Amino acid sequence: GEDVEQSLFLSVREGDSSVINCTYTDSSSTYLYWYKQEPGAGLQLLTYIFSNMDMKQDQRLTVLLNKKDKHLSLRIADTQTGDSAIYFCAESADSSYKLIFGSGTRLLVRP
Amino acid sequence: EAQVTQNPRYLITVTGKKLTVTCSQNMNHEYMSWYRQDPGLGLRQIYYSMNVEVTDKGDVPEGYKVSRKEKRNFPLILESPSPNQTSLYFCASSLSLGDTQYFGPGTRLTVL
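Those sequence lines, one after another, are chains B and F. Every position in the first sequence, counted from 1, becomes a number in the numbering used here once 59 is added. Every position in the second sequence, counted from 1, becomes a number in the numbering used here once 1 is added.
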């Protein structure tokens, strides 16, 4: 079945860039998403990318998609302490309304 | 204010005692969904609904039921809860699948 994998933990220094990686197995994925979850809160959609795109930029966020390798990354420029959270990668296929999530990457930003 | 509400926020119950977690959205969204979040497993979709009276199974539907009689409400029903359903549950809604999903605040359920 479909699977989405992420590394569990990333630690960066404030002001550096963070890169969170995700791999997925479903070749029919149409939408790929990045969500942020702060402690005790629900999920917040950060950005998403269509599978026919290679890159999407939104202020400090850059999403890169390598469809051949089924690899998605989220780059956060100038990482701030407020960016500390769990980041989830998710994918869905056009033929299905299911969302498949990765297990999340905990980002810790050190002052 | 646009929001998704869930009730209750916290619930401790015993095995076999039927319960319902309500979810309501005020944004006239067509798509609604239930997820459970467990440590190390991320979020897994339980059920989703594309519109009134249209529901379908997600990844982990066993032991759960849903209904969508009105557009704004999407309750999650556990007919006979078991301890392996102890989890953090999130409801979400969006205009359609590719649009921003708004998540509720979560319901922490413990089944003893």
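We put the beta carbon where it would ideally sit given N, CA and C, even for glycine. These numbers come from a predicted model, not from an experiment.
Looking from the CA of Thr-82/B, the closest CA among Lys-129/B, Leu-102/B, Thr-138/B belongs to Lys-129/B. For Phe-68/B, none of the residues of chain F pass the 7 Å Cβ criterion, the least Cβ distance being about 12 Å. The residue among Lys-18/F, Ala-93/F, Arg-109/F with its C-alpha nearest the C-alpha of Met-33/F is Ala-93/F.
Under DSSP, the beta-bridge partners assigned to Phe-91/F are Tyr-36/F. CA-CA distance, Asp-100/F to Val-67/F, rounds to 22 Å. At least 7 Å separates the CB of Lys-127/B from every CB of chain F.
In the three-state reduction of the DSSP assignment, Gln-86/F falls in the helix class, which pools H, G and I.
Judged by beta-carbon spacing, Gly-59/F lies within the 7 Å limit of Lys-157/B, meaning their Cβ atoms are closer than that value. Contacts with chain F (Cβ-Cβ distance below 9 Å) from the region 83-113 of chain B involve Thr-89, Tyr-90, Tyr-92, Tyr-94, Gln-96, Gly-99, Ala-100, Gly-101, Leu-102, Gln-103, Leu-104, Tyr-107, Phe-109, listed in chain order. As for any beta strand (DSSP E) of minimum length 3 sitting wholly inside the region 35-71 of chain F, the runs are 43-52, 55-58, ordered along the chain.
For Gln-118/B, the number of other beta carbons within 10 angstroms of its own is below 16, and it is reported as exposed.
Only residues of its own chain outside the window of five on either side were considered, and among them Arg-134, Ile-135, Ala-136, Asp-137, Thr-138 have a CB closer than 8 Å to the CB of Ser-76/B, listed in chain order. For Lys-115/B, the closest Cβ of chain F is not nearer than 7 Å. As DSSP reads the structure, Asn-29/F sits in no beta bridge. Using a Cβ-Cβ cut-off of 7 Å, Gly-163/B is close to Gly-43 of chain F, given in chain order. Think of a sphere of 7 Å around the beta carbon of Thr-87/F: no beta carbon from chain B falls inside it, the nearest being about 18 Å out.
With its beta carbon at least 7 Å from every one in chain F, Leu-120/B lies outside the interface. By the CB criterion at 7 Å, Tyr-90/F and Thr-108/F fall inside the cutoff.
No Cβ of chain F is located within less than 7 Å of the beta carbon of Leu-131/B.
At a cut-off of 7 Å between beta carbons, Leu-124/B makes no contact with chain F.
The beta-bridge partner set that DSSP reports for Lys-126/B is empty.
The secondary-structure analysis by DSSP pairs Arg-169/B across a beta bridge with Arg-72/B. A Cβ of chain B is located within less than 7 Å of the beta carbon of Thr-101/F.
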